[in-house]
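Report on the following structure.
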Amino acid sequence: MLIDNIHLPKIIDGFAKFDGRKKRYVLYPSLLNDSNPARKRELQLLVDLQTQWELLLEIHPGNIRFVQSFNKYYGHYKQVLWPDSRTFLAIPNPVSFADELWLLESQMLGQFQRDFTDKLKPLSDEGFDKFQEIVQNKISQAYKTTKTLKQAWQTVSQFIDYQNKHYMLAEHHYPKIIAPQPIKFNPLITDKSWVKNGKVLVKIVRAVEHNWEQTADYSQDQIIGWLIFSGIVYGGINEVQMLQGWLTSLLAKEYQPFIKERIMVSPRFVQKRFGNEREEGSDKLYNTKQIVVDMVSQCWLMNYHKSSSPAETTHIIAKLSEDKIKQYLTMVLSDLIKPLNIDLPPFLRFLRYASYYWEGLDDADIDHASVGVLRGMHNTAGLSTQDFYWFLNQKYQHTNEPYDLEHILTLSISKNSTNQKEKTNLSTKKIEVRKSDLIVNLTKDFKMDEKQKKQKTSKKPPTLIERVQKRYKQYDDLSEKILLDWVLSLLSRKGPPNNVTILKYLRTIGYEWLYFTTAQPLDIWSEEEFEELYEDILEYKAVVRNNTDIGYSADLLQRMHDFAKEKYNLPSVNFQHAKNGRRVRAELISPQAYQAIITQILGSVDILEREMFALLFILVYRTGMRKKELLGLKYNDIEGLKAATPSVVIRPNSYRPTKTQSSIRRVPLFALLKPNELNFFINFVQTNIGGHSNKFIFTLSSEQRPIDDHVPLKLLKRILKDISVDDNVTDHTFHGFRHTAVSNLSLVLVGHSGLVEALTDYDESDVLRIKQGILGEHINAQDRWYALSGIMGHLSPERSFEYYNHFATLMATYALSKADITLPERTLYNVTGFTNKKLKENNATVSNSSVSIPSIRTLLFKNIIEGKRKSPKFTIESCDKQFLLSTNTQANNELFGRYGLNRVQLLLQTYDKEMPLSKAAQLANISIHDAKVLIERASEITDISTKRGKPRFVKLSNSNTPVLSPLNIQYQSDLRLLSLLLSNAYRLREKSETDWTWFIEICREKLSNSRAYLPFRKEDEKELQRFIGIAEKLLPLKRWLVSSNEDLLMKTMSSTDYQDIRQQSNDSKNALHIGIASQDHREQTNKWQYSPLLRFFVHMMLITDEKLSIGIFEQTDG
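If you read the sequence shown in this note's numbering, its first letter stands for residue 26, the second for the next number, and so on.
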C-alpha cells in the first residue's frame, strides 16, 4: 500500500491547500468568490498564520512531551498498513534511492514513527515569541480600522485555541496572544524640546529678576508687561484666554479676599468651544474660573494701581486683546534678553514651556493633571462669580412646616399605577440585552428599498415608508418609537434627505441612543436628565468608540430631541455640543446647604419616610451616584455590613440598567460617609431590611418599587424654597450633588488641606479615611484621578475635569500660591516701595538681603484689599464639621445597642435551625460571649407564659418546642417606624431609666403572641395615662391606636391631650386596647389595625437590655 504524506489536523482543512511554487498555503478560489469581505479576511489570516506556524516549527521545534498522546493519530495510520511483511514506503520528501525501497514492516513502522514524532513536535517558547512578534507586526500593518483589528485578533485567538485543543497538554498550552490596546495620546508627556526650551526660559527668568533688582522706575506699559510675565511664570496662567480674563479682572480691581490671606479673582472670559455659559442669541461661549493670585503678581498689581487712574485703566481694558498682551510681554523682554544672545520665544511657546520653571518652585506641590489644567490641556469650568460668592456665604434657615407627600408625589399619582407596574415589568424583560436590532432591521429595509428600485417587477413592492411603519408596530419601547418617528418624519417631509444620508444618521446615533435609553421612562424625565444622557452618549462615542468629531453626533441628537419635544412633549434641552462647542452646567451645593437640607427633611417629611429621604440625600452628596443608580439600590447590593464597613455595588437590575461597563463598580461607603452618617446608614439598613434582602432601599413605606424619578428633584426644590433666608432661592438640580461630590473628592484626594478645611465639611480624620478607602495604602500615588473617575463610573478622568470638577483651577493656583519664592530686598523695594523698616514691622523673613515672599503675604493682602487686615470668615468656614444625625449608636461598654437588631435576629434564627452556637455567632458577627448572653436571655423569654400556660412572646415549632426568634414584622411601614422607635427608645432609656423599665415591664405583662396591643381595664386609667405619656416619647401619638366601646372611649380619651391618637369604636370591647397603629392592607377602606411592631420591639429589648428583668411568672390577660 502506498501511504500518503503524514497529515495532521489543521485549522485550514477544507478551505486551503499548499502551493509548492509559492511555498505557502492558498485559499480555494471558489471560497474567495462565495465569501463576504469579513469572511475573506478571516480565512486569509488563518491561511497566513498556518503558513508562518509551520515555517517556525521547522526552525524552532519544541519538546514532544508537551504534546497530548498521539496514539489517536498513530493508531489510525497503523491500521491502514498492509498486514504482510513488506510494503512500499512513501516518505514525505522522497529521494531516488528510497522510491522503490522495500523495507520490513518493523523497519517501516520505525521510520514512520520517527517522521510522525517530528511532525507532532510543538513550537518552542522561542518560536512562539517570534510567532507573536510576526503576528503583531502583520496585523498592525494590514488592519487599520477598530472593527477589522478586533476581528483579526479574534481570529488569532481562534488559531491558538485550535493548536491547544488538538495538540498541547493543558499545563503546556500556548499562552493567549493579548491584543495591544490602543494608546491614547498623553498630553502631559514632555516633548523632545522640553528641556531645551525650558532651559531658555529659566535663563530669561534669571535675567528678568536681575533687571528688577537694578531698575527702580517703570512706565505704565512696563508694569503691565511685568504683571503679565509674573502671572505666566509664577502664577501658572499659561492659557491665552484665561490670561486675558485674569489680567482684566486684576486691572479692574475685581479681586476679592479669600482664605488664609489669599487674593483671588473669578474672571469671566471668552473661550473657544468650551465654557459654563453661552451668550444669548450667539455661539460665543464664556467660562469663569476661580484663580488664586500669586504674590509676585500681587507686587506688580500694587505698583500698577498706585500709578494708574481709573480712567486709564478703563481705556487699557477696552483695548486688551491677545495681540495686545503679546505686545506688552514682547516689549519688556526683547530689549532685556538681546545682550544675552537669547532669542525671544514665540508667545504661545513661552506659555507652553513656562511650567518648566514654576513646576520646580520650592513647596509648589502640584500634580501633572493640574499642570495640564493651567496649560489649557484639560477643559474645566469653575462657578460663576455670583454662584461662588453664594457658595461661600449663603446662609440657610429651618422652617417648621410639615410636607404633604401627596403633593410631592403628584406626578406618580396622576399616572395610572397599573401602567407604571407594566412599565416596570417591561423594563425587567428588556434589561438583559441592550436593543440594537432595530437599527439592523431598518438597515435591511433601506437596502431592500434600493435593491427593489433597480428591479422591474409586475407587483408593486412596499415603499420604504410602509416598511418603516411596519417596524413601528413591532417595537413598543418609547425610545424605539422616538427613533422610528424621527426616521418617518425625515422620509415624509418635502425634499427629504436621500436614503444614504438617513441611514448615515441612524448609524451615527441610533445604536447609542437605544443603548442608553431602552426601558427608561423618558416621558417623565427632566431637562437635567436628558442633558446627562447626552453627555454620557457623547463621552461613550469619544472614549469607547474613538470618535474624534462628536459635534456631528451632537447635532443629530439635538435634531432628534427637538422632534421628540414636539411629538412627545419632552422638555426642551439646549444641547450645547451642537453649537460650536460645549456649555457645561457648573453648580455646587455648599456644606451649609447640605446640612440645612438634611435638617429640613428630618423635621418636615412624614415620620415614615423622613429617614429614607435623608439617606437618599446623604448618599448622593457624599458619593455622587447617579439618580438611577441610587433609586435602583437593593439591600443585597450592600457588602460588608456585618463588619460595619459597608460598600454598595452598582450593577444592573430590573429597575436600573448600567450605562457602560465602567458604571458597574463598588462604592466604599465606609470611607465616603462621615462616622455619624455611616451609623445612620447602618441603622437604617438593619432596621428596614426585614426578612429578605432582594428589595429596593428607596421605596415609600407602602410600596415595593423605588420612588419615581421626579420625586427627589421636586422634594429638593420645595426644601430649597423653605430653607432660603430671602426670596433669592438657590436653583439647584439633583444632578448638582454629583458635581459637588466629584469636586469635593478632588479636593480631598489632591487638594491642599487649607482648601479642604475651608470649602468642605471634612476634617483631617475624614480626609485620611477617604484617601485610604479609595487609594489604599499608597495615598500619594499617581493614580488618584483615575481612582476618582472609577468611583464615579466615568470612562476617563477627562470627563471628571470637563463636566464635574469645578475646583480644578482653584486647586492648581492655590498649590502655586504655596511656593517659597525669594526676591532681593532691593527688588521688592523697586516694585512695591516696601522699605526694610516696613518689612521688619510686618515680620518679613529676610536672609542675606533676600526676602521670603510668603512671609509678606499679610502685608500684601492689607495693601491690595483695602480696609481688610486679614481674611474674612466666610459662612462656609463656620459649617459644623460634626453635624449630628439621629442615630441609635450606643456606647459599646454594654450589650444594649452594641449590635443591630438584624444581627441579633440572625443569631436567633440560625440557632433555631440547630446550628452550633459558635457558628451562629460567627455568621451574625457577634462575639461568642455576647452570643451566649443573648441566647440565654432569649431562652428565658420563651418561659414567659400567659394565664393559660402558653408562651407569651413566641410560638411553638413543629416539634412543639418554643423558638427563640421573635415573631416577624410584616410590612415595610412597620420597619420604617422601628428605626424611629429605636432612636427614641435609646434616648428615653438614657434620660429616664425608671419610665423605660416600667414601660417594658407592663408590655411584657400584657402583650402576647396572639395580640399586639395592651388591654387596660376601666379602673386602670392612671396606668393608661402613664403609658400614653411614655408612648408619646417613643412615637408621635398619631402612630398609636386605641379601641374600645364608644362610651369608654368618650369617657377616657376625650381630652384634647389625646386628640391625635387614632381611635376605633368596637362595642364588643369592655377594656381599652392600645398599640401601634398600622393601616389594614387587607381592607380597601382606611381602617387601622394593631401592628406587631410593638411586640417585636419589646421582645428584642428584653433580649438585648441586660438591665431589664425578664421575670418568669404568669400574668393576667387583662
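Cβ coordinates follow ideal geometry from the N, Cα and C atoms, glycine included.
Predicted, not measured: the structure shown is a model, and the values here were computed from it.
Check                                                                                                                                                            : Outcome
In chain order, what residues of the same chain lie with their CB nearer than 6 angstroms to the CB of residue 324, ignoring the 5 residues before and after it? : 856 and 857
Quick check on the DSSP output: the alpha helix (DSSP H) that includes residue 550 runs from which residue to which?                                             : No alpha helix (DSSP H) holds residue 550; DSSP gives it neither H nor E.
Going by the CB atoms, is the gap between residue 645 and residue 821 shorter than 9 angstroms?                                                                  : no
Beta-carbon separation of residue 992 and residue 1122 under 9 angstroms?                                                                                        : no
Residue 636 and residue 709 look like a contact to me (Cβ under 8 angstroms); what is the Cβ gap, rounded to whole Å?                                            : 6 angstroms
Determine the extent of the alpha helix (DSSP H) in which residue 1157 is found, giving its start and end residues.                                              : What is shown of the chain runs 26 to 1143, which leaves residue 1157 out entirely.
Could you pull the start and end residues of the alpha helix (DSSP H) that residue 172 belongs to?                                                               : 171 to 191
Around the C-beta of residue 988, are 16 or more other C-beta atoms found within 10 angstroms, so that it is buried, or is it exposed?                           : buried
When the Cα atoms are used, what is the spatial distance from residue 739 to residue 641?                                                                        : 14 angstroms
Along the chain, where does the beta strand (DSSP E) containing residue 44 start, and where does it finish?                                                      : 41 to 44
Roughly how many angstroms separate the alpha carbons of residue 627 and residue 659, rounded to a whole number?                                                 : 23 angstroms
Could you spell out the range, first to last residue, of the beta strand (DSSP E) harbouring residue 673?                                                        : 672 to 675
Comparing C-alpha positions only, which one of 409, 744, 938 and 429 sits nearest to residue 612?                                                                : 409
How should residue 1130 be labelled, buried or exposed, when 16 other C-beta atoms within 10 angstroms of its C-beta is the threshold for buried?                : buried
Classify residue 423: buried if its beta carbon has 16 or more other beta carbons within 10 angstroms, exposed otherwise.                                        : exposed
Taking residue 660 as part of the alpha helix (DSSP H), name the residues at either end of that continuous run.                                                  : Unbroken run through residue 660: none, as it is neither H nor E.
In the DSSP output, what is residue 664 paired with across the bridge?                                                                                           : 672
Taking a contact to mean a Cβ-Cβ separation below 9 angstroms, would you say residue 516 touches residue 539 in this structure?                                  : no
Should the region 582 to 595 be called in touch with the region 258 to 275, which here means at least 3 C-beta pairs below 8 angstroms?                          : no
Nearer than 8 angstroms: is that true of the beta carbon of residue 157 relative to any heavy atom of the ligand SAM?                                            : For the ligand SAM, the structure offers nothing, since it holds no ligand at all.
Is the number of C-beta pairs between the region 846 to 853 and the region 284 to 297 that are closer than 8 angstroms three or more?                            : no
Quick one: using the 10 Å Cβ neighbour count with 16 as the cut-off for buried, is residue 350 buried or exposed?                                                : buried
Is it true that the CB of residue 947 sits closer than 9 angstroms to the CB of residue 701?                                                                     : no
What are the boundary residues of the beta strand (DSSP E) that residue 311 is part of?                                                                          : 310 to 313
If we count the other Cβ atoms within 10 Å of its Cβ and call it buried at 16 or more, is residue 255 buried or exposed?                                         : buried
Near residue 241, which residues of its chain fall below 7 angstroms by C-beta distance, leaving aside the five closest residues on each side in sequence?       : 855
In whole angstroms, give me the CA-to-CA distance for residue 824 and residue 677.                                                                               : 22 angstroms
By how many angstroms is the C-alpha of residue 318 removed from the C-alpha of residue 867?                                                                     : 21 angstroms
According to DSSP, which residues form a beta bridge with residue 1102?                                                                                          : 1115
Could you check what DSSP says for residue 300 in three-state terms: helix, strand or coil?                                                                      : strand
Compare the beta carbon distance of residue 966 and residue 1128 with 9 angstroms and say whether it is the shorter of the two.                                  : yes
Would you check if there are 3 or more beta carbon pairs closer than 8 angstroms linking the region 615 to 634 to the region 413 to 428?                         : yes
By the three-class DSSP mapping on this structure, what secondary structure does residue 391 have?                                                               : coil
On a Cα-Cα basis, can you pick out the residue from 252, 1014, 651 and 484 that is closest to residue 558?                                                       : 651
What three-state label does DSSP hand residue 112 in the structure shown?                                                                                        : Summary for residue 112: the model assigns pLDDT 41, below 50, so the residue's position carries little reliability, and this model does not support an answer.
What residues are listed by DSSP as bridge partners for residue 148?                                                                                             : 86
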